[in-house]
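**Student:** Counted from 1, the sequence shown has number 411 at position 397 by our numbering; the numbering is strictly sequential. Heads up, the beta-carbon is just placed ideally off N, CA and C, and yes, glycines get one too. Since the structure is predicted, the reported quantities are computational estimates derived from the model, not experimental observations.
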Amino acid sequence: MLPLITFGLFIVVCLCIYCYQLSIRNKHKSIPCPPLVPVLGNCFEFSSSLEGLYFDILRLQRKYGKLFQIILGPFKHVFVVFDADLMEKVMSTSKHSDKSMEYTFFKPWLGNGLLISSGSLWRKRRKMLTPAFHFTILQQAVDKFDENVNILVKNLEKYATTNEVFDIYPHVTLCVLDIICETAMDIKINAQTDSNSKYVCAVRNACCALQKRFFSVVDQSDFFFNNFSRTGKMYNDSLKILHELSNKVIVERREALIRRQSNYLINNEDFYKPKMIFLDTLLESTIDGRLLTNAEIREEVDTFMFEGHDTVSSAITFTLYLLANHPLVQDRLFAEIKEVLGTDPSKPATLNDLNNLNYIELVIKESLRLYPPVPLVGRTLTEDLQWGDVSLSKGSQIVVVIHGAHRHEDYFPEPEVFDPERFLNNTSNKNAFAYVPFSAGPRNCIGQKFAMYEMKSTISKILRYYELESAGPGYDLKLIMTVIFKSMNGVHLKLKPRIY
15 MLPLITFGLF IVVCLCIYCY QLSIRNKHKS IPCPPLVPVL GNCFEFSSSL EGLYFDILRL
75 QRKYGKLFQI ILGPFKHVFV VFDADLMEKV MSTSKHSDKS MEYTFFKPWL GNGLLISSGS
135 LWRKRRKMLT PAFHFTILQQ AVDKFDENVN ILVKNLEKYA TTNEVFDIYP HVTLCVLDII
195 CETAMDIKIN AQTDSNSKYV CAVRNACCAL QKRFFSVVDQ SDFFFNNFSR TGKMYNDSLK
255 ILHELSNKVI VERREALIRR QSNYLINNED FYKPKMIFLD TLLESTIDGR LLTNAEIREE
315 VDTFMFEGHD TVSSAITFTL YLLANHPLVQ DRLFAEIKEV LGTDPSKPAT LNDLNNLNYI
375 ELVIKESLRL YPPVPLVGRT LTEDLQWGDV SLSKGSQIVV VIHGAHRHED YFPEPEVFDP
435 ERFLNNTSNK NAFAYVPFSA GPRNCIGQKF AMYEMKSTIS KILRYYELES AGPGYDLKLI
495 MTVIFKSMNG VHLKLKPRIY
């Protein structure tokens with residue numbers, strides 16, 4: 015008798031869940047939705063592989079248009095947006111600036127940093143952080159770009175000598191990690207010379223754990239993730255290492271600042287101020303008339319390092335891949351580099367030099383269109399949104415598919431073609447929100463100028479030393495949409511020494 019009652023209760027619960035799913039779908043019946051499977055919703059629309067997810071999203075867009083709804087599992091209801099006009103409606107106002115629920119996965123790492131904070135806290139932090147990216151900071155960062163890219167080109171020399179096919183992504187990501195640690199905290203972690211150090215492994219493992227959690231059903235639960243999940247243990251163990259170093263550097267830097275101020279006041283010594291780094295601006299910044307605590311500083315330092323590491327690595331690597339496969343574009347770009355920077359590849363590029371590299375900016379912009387480092391952005395509506403005949407209710411989860419808009423023929427003619435010159439006349443005739451590699455609106459990327467200079471510096475230096483060549487027939491990228499846009503089988507190409 016008991017099994018029969020249990021089975022009956024199970025059926026009743028499933029029917030209740032299915033009725034709920036139908037009700038939320040029908041509440042927005044003007045918006046297409048794939049057929050529902052009771053309880054599971056639209057889960058069967060998606061394959062189990064990360065590579066398959068990329069094609070699944072594009073397939074659904076072709077079938078259902080630039081706005082559709084999906085229900086994942088019993089209760090997760092999401093609107094998927096490819097439409098630039100609706101993207102503008104969502105992203106251009108602070109009314110809908112709250113991130114989606116999945117961003118809470120970052121909280122143990124980034125706390126209330128700029129990426130995941132919301133409301134008045136986010137506005138205060140954003141205002142406080144703006145000076146961290148002013149001209150002087152950028153000017154001083156350029157030297158650190160060059161120093162670390164010099165190590166990169168040295169490490170690439172063996173591949174140019176043999177002209178063998180290799181994966182350039184691991185080399186670029188270690189270089190960018192070195193750069194971000196120096197510009198954020200003025201520390202050398204030597205990732206390029208010791209890629210298996212405790213800190214480098216912790217960064218790698220933390221990012222890997224986050225990626226796994228986003229696409230794991232059981233790891234969505236905080237309780238399971240923190241107490242029973244092997245991925246959760248890897249994540250939390252990695253965070254201990256990362257936070258330990260950040261805390262140590264913050265304490266030491268604050269003590270050094272206090273000593274300099276004390277010597278200036280007591281001994282009337284000249285107030286020596288070393289080159290400013292990101293951390294220094296935080297140590298001297300205030301919110302509500304008070305200095306930031308060490309914990310608040312660590313949140314923003316960790317956020318800067320997280321947002322500036324994998325994203326820039328992805329952008330640089332895909333740009334190099336495109337140049338390797340488009341030799342005419344590469345030749346034109348190298349001609350500009352040689353004209354602006356001369357024929358001595360060891361000569362550092364100044365900020366002014368990088369400003370004069372105009373064609374490389376077109377190349378990078380087009381690369382970011384085809385391979386935006388952050389392909390998806392999640393938002394939560396904080397009030398009802400009316401868009402034409404469509405009504406989206408408060409609390410709705412929105413996924414903005416940046417990659418999908420970038421490759422849509424409504425916004426870019428021949429969207430699959432790599433054509434840097436499409437940005438020559440800007441994109442003023444298009445909806446500005448059809449191209450948002452750094453996001454857009456109030457929550458756009460605060461460090462986008464920094465990132466652009468870093469990309470220019472790295473790519474131009476590599477091209478001054480090496481000519482990039484295609485990996486040849488038989489190799490294609492296997493793109494995956496994770497937290498960051500990546501290729502599952504690496505980014506392969508060949509190098510040969512540059513002849514002037």
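Run the CB neighbour count on N162, radius 10 Å, all protein chains shown included, and call it buried at 16 or more, exposed below.
**Tutor:** buried
**Student:** What residues in its chain sit with their C-beta under 6 Å from that of V156, if we drop five residues either side in the sequence?
**Tutor:** L365
**Student:** Is Q206 helix, strand or coil by DSSP?
**Tutor:** Note: Q206 maps to coil in three-state DSSP.
**Student:** Is I45 helix, strand or coil when you go by DSSP?
**Tutor:** In this structure, I45 counts as coil in the three-state DSSP scheme.
**Student:** Give me the DSSP bridge partner(s) of T394.
**Tutor:** Q411
**Student:** Please classify K77: is it buried, with 16 or more other beta-carbons within 10 angstroms of its beta-carbon, or exposed?
**Tutor:** exposed
**Student:** Leaving out the 5 sequence neighbours to the left and right, which residues in its chain are closer than 6 Å to F447 when beta-carbon positions are compared?
**Tutor:** Taking C-beta separations shorter than 6 Å and ignoring five residues to either side along the sequence, the partners of F447 in its chain run A98, M101, E102 and A454, following chain order.
**Student:** Please state the DSSP three-state secondary structure of G55.
**Tutor:** strand
**Student:** Cβ atoms of Q153 and V497: under 9 Å apart, would you say?
**Tutor:** Here V497 is not near Q153, since their CB atoms are 9 Å or more apart.
**Student:** Tell me whether the region 25-45 and the region 204-215 touch, counting them as touching only if at least three CB pairs, one residue from each stretch, are closer than 8 Å.
**Tutor:** no
**Student:** Could you give the residue range of the beta strand (DSSP E) that holds V404?
**Tutor:** Unbroken beta strand (DSSP E) run through V404: V404 to L406.
**Student:** Please list the segments of the alpha helix (DSSP H) lying wholly inside the region 57-131, counting only runs of 4 or more residues, in order along the chain.
**Tutor:** 64-78, 98-105 and 121-124
**Student:** How would you call M105, buried or exposed, if buried means at least 16 neighbouring beta carbons within 10 angstroms?
**Tutor:** buried
**Student:** With F119 and F228 assumed to form a contact (beta carbons below 8 Å), what rounded beta-carbon distance in angstroms separates them?
**Tutor:** 7 Å
**Student:** Look at the Cβ atom of C47, then the Cβ atom of I71, and state whether they are nearer than 9 Å.
**Tutor:** Cβ distance not < 9 Å, so C47 and I71 don't count as in contact.
**Student:** Taking the straight line between their C-alpha atoms, what separation do you get for F285 and R274?
**Tutor:** Because the pLDDT at F285 is just 45, under 50, the model does not fix this residue reliably, and the value given afterwards should be weighed accordingly. For F285 and R274, the distance between alpha carbons rounds to 7 Å.
**Student:** Just verifying my parser: in three-state terms, what is the DSSP assignment at S360?
**Tutor:** coil
**Student:** Please classify F4 as buried or exposed, where buried requires at least 16 neighbouring CB atoms within 10 angstroms.
**Tutor:** Any question about residue 4 goes unanswered here, given that the chain covers just 15 to 514.
**Student:** Specify the secondary structure class of R267 as computed by DSSP and reduced to three states.
**Tutor:** helix
**Student:** Identify the residues that DSSP records as bridge partners of R312: which are they?
**Tutor:** Answer by DSSP bridge pairing: none, since R312 is not bridged.
**Student:** Could you say which of N240, L296 and V92 lies nearest to K138 if we only look at CA atoms?
**Tutor:** L296
**Student:** Please report the straight-line C-alpha distance between C215 and Q35, rounded to a whole angstrom.
**Tutor:** 42 Å
**Student:** Thinking just about the alpha-carbon of each residue, which of F348, A174, L170 and L81 is nearest to the one in G402?
**Tutor:** L81
**Student:** Would you call M115 buried or exposed, if buried means 16 or more other Cβ atoms sit within 10 Å of its Cβ?
**Tutor:** exposed
**Student:** Check whether the Cβ atoms of P434 and E380 lie closer than 9 Å to each other.
**Tutor:** For P434 and E380, yes; Cβs fall inside 9 Å.
**Student:** Checking 9 Å against the spacing of the C-beta atoms, do P456 and H417 come in under that value?
**Tutor:** no
**Student:** Between the Cα of L74 and the Cα atoms of S62, D112, V94 and E178, which residue gives the shortest distance?
**Tutor:** V94
**Student:** With contact counted as at least three CB pairs below 8 Å, one residue from each stretch, are the region 307-327 and the region 121-128 in contact?
**Tutor:** yes
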